[in-house]
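Colleague: Below is the structure I would like to discuss, written out as structure tokens.
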Amino acid sequence: MTKTIALAGNPNVGKSTLFNALTGSHQHVGNWPGKTVEKKDGLLRIGEQEILVVDLPGTYSLTAYSIEEIITRDFIVNEKPTAVVAVVNAANLDRNLYLVTQLIELDIPVIVALNMTDVALRRGLTISIKGLSERLGGIPVVETVGNRSEGLEDLTNAIGMVIKNPHTGNVQTTFSDIVQNEIAILKILIEGQDQLKDTFRPGWLATKLLENDQDVVAKLRSSEAEELLEAAQAARARLENQTGEDPEILIADQRYQFVDKIMDSAVDRPRETAITRSEMIDNVVTHKIWGLPIFMLLMWLVFQFTSNVSGPFLDWVDVFINEFILKWTVWVLEIIGLGNSWIGSLITDGVIAGVGGVLVFVPVLLFLYLALGIMEDSGYMARAAFVMDRVMRWMGLHGKSFLPMIIGFGCTVPAVYATRTLENEKDRKLTAFLATFMSCGARLPVYVVFGAAFFGAASGTLVFAMYLLGIVVALITGFVMKNTVYKSQPPAPFVMELPPYRIPHFRDVWQQMWERTQGFLVKSGTVILGVSVALWLLMAIPAHQETGLFNQVDAGDSLFGRISGLIAPVFKPAGFGSWQTTGSLVTGILAKEVIVSTMSQIYAGESVAVEGNNNTFQQDLVSVGMGFGRAAYLTVQETINIIPRTINLIPFVNIGNLDLLKSDGEELDYTRLEGSLITAFEKTAGSPREGIIAAVAFNVFVLLYIPCVSAVSAMRQEFGRRWMWAQVSYTLIIAWTAAVLVFQVGKLMLV
Amino acid sequence: MSKLSILLAKIEESSGAFSIQALARELDLSPERLESMLEYWIRKGKIQSSTKLTECGSCSSQGDCPFVLEMPRTYELVTGQDQLTDPVTHVICTHK
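Top line first, the protein sequences correspond to chains D and Y. According to my numbering, the residues represented by the first sequence are 269 to 1019, in order. According to my numbering, the residues represented by the second sequence are 8 to 103, in order.
Spelled out as structure tokens, the structure:
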């Protein structure tokens, strides 16, 4: 007769690898009867004997809460294999032995395959095989490294021995006396009934009845074992009275205590009382008081880094596109006779101004994603939810809700979907709603261009202020909604697995930074290119016949200019009621990057043409190369300058910006777009100082108004049309109100 | 009182978040043991854990979304209020 061996173990302990090594190609794969769980069995030959090896589903326990648990224990109870090989992860023995104790309770021969011993050794664990075997009642314990087929022969020998001489372990006292007494009472009743005795192992059945295992109870009900069930109920009541604990919890807890005894006597572990380096860092960065200021400081550094350090390269790309590329494109167009044609205008005023206007900001995004990548890869970002928990609780959400918001710093669309991590439907909706106020990467070019134009070296502060304002508006909105229309119970507490801190891996950070930026580049070549061409067309078409001819019309009199002009008065109270800004905001609904590309197209037509130089192509190329070197040099300087800028945050301290590399101190020129914006905002708002306030108000509006169409459609897909419209309306109202407040209050403060 | 009951009571009575490491230290358990105990309460339906989701199916990035952010595993008390029945996500992969 073919003997059967079952392989059992926790998920991911290398059970399948051992199964493959034992059975080789003699395998059969199917499903467990009536279940969708995969069943694998195969043949193991030991000498002349063929042994059927069955790979059971991975499970942590033998209770009846999951399909895997029921399959595993039903197989052992009903099919009665000759022995069970318990595959355990030696590196995580503490957790794996819980299942082993339950296998032993089944009163069946058990062999422990101590797998992954190489990993355990690396973690400083020394396991006494003899001690472990003794503690488990003398059952065989074999060391294996499944992926290297080490210990396979020992395991096969142990299986062969058990097959010849099956014996169960002689485990001493898994449970306390009080529990054992009740088990003994029930065991006598079970042994008195032949049908039950033949079907179940009495000791195991008695334990399951004390645990009130519903699967077992249901089976006994159909076996008309009412007397036994009543006795079990009485035994449970006695246990509960004497211990004050639910017997199921009591029994589980005593299994853990038994595992503790095994671990203490058979395993030598590195002392865990010493606080790890990660915990030491966490004691500071997730501190109840200091955690939040540290988070804010780090975010401030990220935006200083993003806007100031990327500045030199931003200027270089601007010169490269708007001078070198533009100059030589115009030259080629003139050579082929298209210089003054609509095709020439489409290429220079449409494609180069639009797409080029956005590509200028590639360095900014590269540096943003580099900084965020470092924070993610170091393990800090996972702590943000932890740090923000107190703040989030104040508005009725918990820290987990902040994780989708962090994703929103990259892009709002995945942030909306990331709310699926939340278990509560109301929290999901509200968090997705709030995530739209997080400043996505696409809005960054707007802040950077306005920051550089109106705030110079302090542009990083404007960027930081915008990100901060987004968080603050989200928190206030959440608080108001949770206390009015979205009332619910306080958020449930949670436990979070914090990854250990590590030095960021350059390759991982670089790859992530590049892939994210690539998404921006792809968008530039698709959405932004399409919008730029469409916009050029709308700006080339005159609103009326009298205002001009196709491609020979003043932008303000074009179809686009006139339509934008109709909406523009709405923004007059906010200080930026011109058709140019309004038009940019309208196209920005398609994608936030389009705001800058639209402005580039509009102002490219209005600004004074760049004075051409008489350089040859080679001379221009050399100039571009030298410009790149200068940008790299200044980037190093700006990186170092983050230190004095941070020190200057301390009240009454001002050490200035150190010129550590002894640069010539030459001020960087404004880009063409920046120069045009300064003039335009001054003109619309009425004065240079009011122009600055209007610029801030414009940025506030960009931050808070409707996210892009992709984000809106994500909201519709996840939460329905009604919720989407609620969000669109709310963001428009809040953005307009905030922008007007900024401009009007700012003006009052000027007086 | 058993350690299992102490663990549950600790989470129920808490007004904020715990890290696995800090909670394990407080209860004098190894982090692995704590996770094993949390698994017990998950099986009992008292606690729910975030589980892994490979993709949201909303875009064509097929698991290569650059905005993927590895979400830390969390264990949360089951309160019953508006709780979702679907498994929740651990790794987010979704981007238009």
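C-beta atoms are modelled at their ideal positions from N, C-alpha and C, and glycine is treated no differently.
Classify Val921(D) as helix, strand or coil using the three-state DSSP reduction.
Modeller: Position 653 of the first sequence holds residue 921(D). Looking at Val921(D) - three-state DSSP - the assignment turns out to be coil, as it is neither helix nor strand.
Colleague: For chain D, find out if any of its Cβ atoms is closer than 8 Å to the Cβ of Ala24(Y); answer yes or no.
Modeller: Here residue 24(Y) refers to the residue found at position 17 of the second sequence. Cβ-Cβ to chain D under 8 Å: yes for Ala24(Y).
Colleague: Would a C-beta distance cut-off of 8 Å place Leu702(D) and Phe677(D) closer than the cut-off?
Modeller: Locating residue 702(D) in the first sequence gives position 434, where the first residue counts as 1. Locating residue 677(D) in the first sequence gives position 409, where the first residue counts as 1. Not in contact: Leu702(D) and Phe677(D) (Cβ atoms no closer than 8 Å).
Colleague: Let's test the definition: count the other Cβ atoms within 10 Å of the Cβ of Asn922(D) and tell me whether it reaches 16, buried, or not, exposed.
Modeller: The residue labelled residue 922(D) in the question sits at position 654 within the first sequence. By the neighbour-count rule (16 or more Cβ atoms within 10 Å), Asn922(D) is not buried but exposed.
Colleague: Considering only their Cβ atoms, is the gap separating Ala653(D) from Met764(D) smaller than 8 Å?
Modeller: Indexing the first sequence from 1 puts residue 764(D) at position 496. Indexing the first sequence from 1 puts residue 653(D) at position 385. Going by C-beta atoms, Met764(D) is nearer than 8 Å to Ala653(D).
Colleague: Identify each residue in the segment 632-665 of chain D for which the Cβ-Cβ distance to at least one residue of chain Y is less than 8 Å, and report them in chain order.
Modeller: Within the segment 632-665 of chain D, the residues whose Cβ lies closer than 8 Å to some Cβ of chain Y are Glu644, Met649, Ala650, Ala653, Phe654, Asp657, Arg658 and Arg661, listed in chain order.
Colleague: By the 10 Å Cβ neighbour count, where 16 or more other Cβ atoms means buried, how is Gln848(D) classified, buried or exposed?
Modeller: Start at 1 with the first residue of the first sequence, and residue 848(D) comes out as number 580. It is buried - the Cβ of Gln848(D) has at least 16 other Cβ atoms within 10 Å.
Colleague: With burial defined as no fewer than 16 other Cβ atoms inside 10 Å of the residue's Cβ, what is the status of Val980(D): buried or exposed?
Modeller: Here residue 980(D) refers to the residue found at position 712 of the first sequence. With 16 or more other Cβ atoms within 10 Å, it is buried.
Colleague: Which two residues bound the contiguous alpha helix (DSSP H) that contains Ala703(D)?
Modeller: Here residue 703(D) is taken as the residue at index 435 of the first sequence, counted from 1. That run of the alpha helix (DSSP H) goes Glu693 to Ala703.
Colleague: What span of residues does the alpha helix (DSSP H) with Gly798(D) cover, start to end?
Modeller: For the purposes of this step, residue 798(D) is taken as the residue at position 530 of the first sequence. Note, Gly798(D): alpha helix (DSSP H), Leu797 to Ala808.
Colleague: Can you pull out the residues from the segment 701-712 of chain D whose beta carbon lies closer than 8 Å to at least one beta carbon of chain Y?
Modeller: If the cut-off is 8 Å between Cβ atoms, the segment 701-712 of chain D has nothing near chain Y.
Colleague: Does Lys53(Y) come within less than 8 Å of chain D when only Cβ atoms are used?
Modeller: Reading the second sequence from its first residue, position 46 is the one you call residue 53(Y). No, its Cβ sits nowhere closer than 8 Å to a Cβ of chain D.
Colleague: Does Lys476(D) get closer than 8 Å to chain Y when you measure Cβ to Cβ?
Modeller: By 1-based counting over the first sequence, the position of residue 476(D) is 208. Taking Cβ atoms only, chain Y never reaches closer than 8 Å to Lys476(D), which makes this a no.
Colleague: Going by C-alpha to C-alpha distance, which of Val484(D), Gln820(D) and Pro768(D) sits closest to Tyr333(D)?
Modeller: Counting from one through the first sequence, the residue named residue 333(D) turns up at place 65. Of the listed residues, the one whose Cα sits closest to Tyr333(D) is Val484(D).
Colleague: Note the first and the last residue of the continuous alpha helix (DSSP H) segment covering Tyr685(D).
Modeller: Numbered from 1 along the first sequence, position 417 holds the residue referred to as residue 685(D). Note, Tyr685(D): alpha helix (DSSP H), Thr680 to Ala686.
Colleague: Cutting at 7 Å between CB atoms, please list the residues of its own chain near Glu942(D), excluding the five before and the five after it.
Modeller: Position 674 of the first sequence holds residue 942(D). Once the five neighbours on either side are set aside, the close Cβ partners of Glu942(D) are Val717, Ala720 and Ala721.
Colleague: Mind checking which residues open and close the alpha helix (DSSP H) that includes Val310(D)?
Modeller: Along the first sequence, read from residue 1 onward, the residue named residue 310(D) stands at position 42. One detail in the question is off: residue 310(D) reads as Gly in this sequence, not Val. Gly310(D) -> not in any alpha helix (DSSP H); beta strand (DSSP E) instead, spanning Glu306 to Ile314.
Colleague: Where do the ends of the beta strand (DSSP E) carrying Tyr82(Y) lie?
Modeller: Locating residue 82(Y) in the second sequence gives position 75, where the first residue counts as 1. Residues Thr81 to Leu84.
Colleague: In terms of residues, what are the limits of the alpha helix (DSSP H) holding Gly471(D)?
Modeller: The count along the first sequence starts at 1 and reaches residue 471(D) at position 203. Start and end: Pro470 to Leu478.
Colleague: For Met429(D), I'd like the list of residues in its chain whose CB is within less than 8 Å of its CB, leaving aside the five on either flank, ordered along the chain.
Modeller: Here the question's residue 429(D) lines up with position 161 in the first sequence. For Met429(D), where only same-chain residues beyond five positions count, the Cβ hits under 8 Å are Pro408.
Colleague: Could you compute how far the alpha carbon of Leu290(D) sits from the alpha carbon of Ser401(D)?
Modeller: Taking the first sequence and counting its residues from 1, one reaches residue 290(D) at position 22. Taking the first sequence and counting its residues from 1, one reaches residue 401(D) at position 133. Those two C-alpha atoms are separated by around 22 Å.
Colleague: What is the rounded straight-line gap between the Cα of Ile863(D) and the Cα of Gly856(D)?
Modeller: As a position in the first sequence, residue 863(D) is number 595, starting the count at 1. As a position in the first sequence, residue 856(D) is number 588, starting the count at 1. For Ile863(D) and Gly856(D), the distance between alpha carbons rounds to 5 Å.
Colleague: Chain D partners of Glu33(Y), CB-CB under 7 Å?
Modeller: Counted from its first residue, the second sequence places residue 33(Y) at position 26. Neighbours of Glu33(Y) on chain D: none; closest Cβ ~11 Å, over 7 Å.
Colleague: Indicate whether Leu972(D) and Phe705(D) have their beta-carbon atoms separated by less than 8 Å.
Modeller: One-based indexing of the first sequence puts residue 972(D) at position 704. One-based indexing of the first sequence puts residue 705(D) at position 437. In contact: Leu972(D) and Phe705(D) (Cβ atoms closer than 8 Å).
Colleague: Provide the residue span of the beta strand (DSSP E) that contains Thr272(D), from first to last.
Modeller: Looking up residue 272(D) in the first sequence gives position 4. Looking at the DSSP string, the run of the beta strand (DSSP E) that includes Thr272(D) is Lys271 to Gly277.
Colleague: Between the segment 351-376 of chain D and chain Y, which residues of the former have a C-beta closer than 8 Å to a C-beta of the latter?
Modeller: The residues in question are Asn360, Asp362, Arg363 and Tyr366.
Colleague: Give, in chain order, every residue of the segment 513-525 of chain D whose Cβ lies closer than 7 Å to some Cβ of chain Y.
Modeller: Under the 7 Å Cβ criterion, the segment 513-525 of chain D contributes Glu513, Ile517, Leu518, Ala520, Asp521 and Tyr524.
Colleague: Give, in chain order, every residue of the segment 668-681 of chain D whose Cβ lies closer than 9 Å to some Cβ of chain Y.
Modeller: Going along the segment 668-681 of chain D in chain order, one finds Lys668, Leu671, Pro672, Ile674, Ile675, Gly678, Cys679 and Val681 with a Cβ nearer than 9 Å to chain Y.
Colleague: On the DSSP letters alone, give me the boundaries of the alpha helix (DSSP H) that Asn1024(D) sits inside.
Modeller: In the structure displayed, chain D extends from 269 to 1019; residue 1024(D) sits before or after that span and is not available.
Colleague: Excluding the 5 residues preceding and the 5 following Asp422(D) in the sequence, name in chain order all residues of the same chain whose CB lies nearer than 8 Å to its CB.
Modeller: Along the first sequence, read from residue 1 onward, the residue named residue 422(D) stands at position 154. Cβ neighbours of Asp422(D) beyond the five flanking positions: Val410, Glu411 and Thr412.
Colleague: Can Leu84(Y) and Pro325(D) be called in contact, C-beta distance under 8 Å?
Modeller: Within the second sequence, numbered from 1, the residue matching residue 84(Y) stands at position 77. Within the first sequence, numbered from 1, the residue matching residue 325(D) stands at position 57. No, Cβ-Cβ distance for Leu84(Y) and Pro325(D) is not below 8 Å.
Colleague: So, do the segment 372-385 of chain D and the segment 461-474 of chain D have three or more beta carbon pairs nearer to each other than 8 Å?
Modeller: The answer is yes - the segment 461-474 of chain D touches the segment 372-385 of chain D, with three or more Cβ pairs under 8 Å.
Colleague: Out of Trp662(D), Ala982(D) and Asn916(D), which has the shortest C-alpha to C-alpha gap to Leu743(D)?
Modeller: In the first sequence, the residue the question calls residue 743(D) occupies position 475. Checked all of Trp662(D), Ala982(D) and Asn916(D); the closest Cα to Leu743(D) is Trp662(D).
Colleague: At the level of alpha carbons, what is the spacing between Asp586(D) and Ser944(D)?
Modeller: Mapped onto the first sequence, residue 586(D) falls at position 318. Mapped onto the first sequence, residue 944(D) falls at position 676. Rounded to the nearest angstrom, the two C-alpha atoms are 14 Å apart.
Colleague: Only counting the same chain, and skipping five residues up and downstream in sequence, which positions put a Cβ closer than 6 Å to that of Pro772(D)?
Modeller: For this step, residue 772(D) is matched to residue 504 along the first sequence. Taken in chain order, the residues that qualify are Ile642, Asp645 and Ser646.
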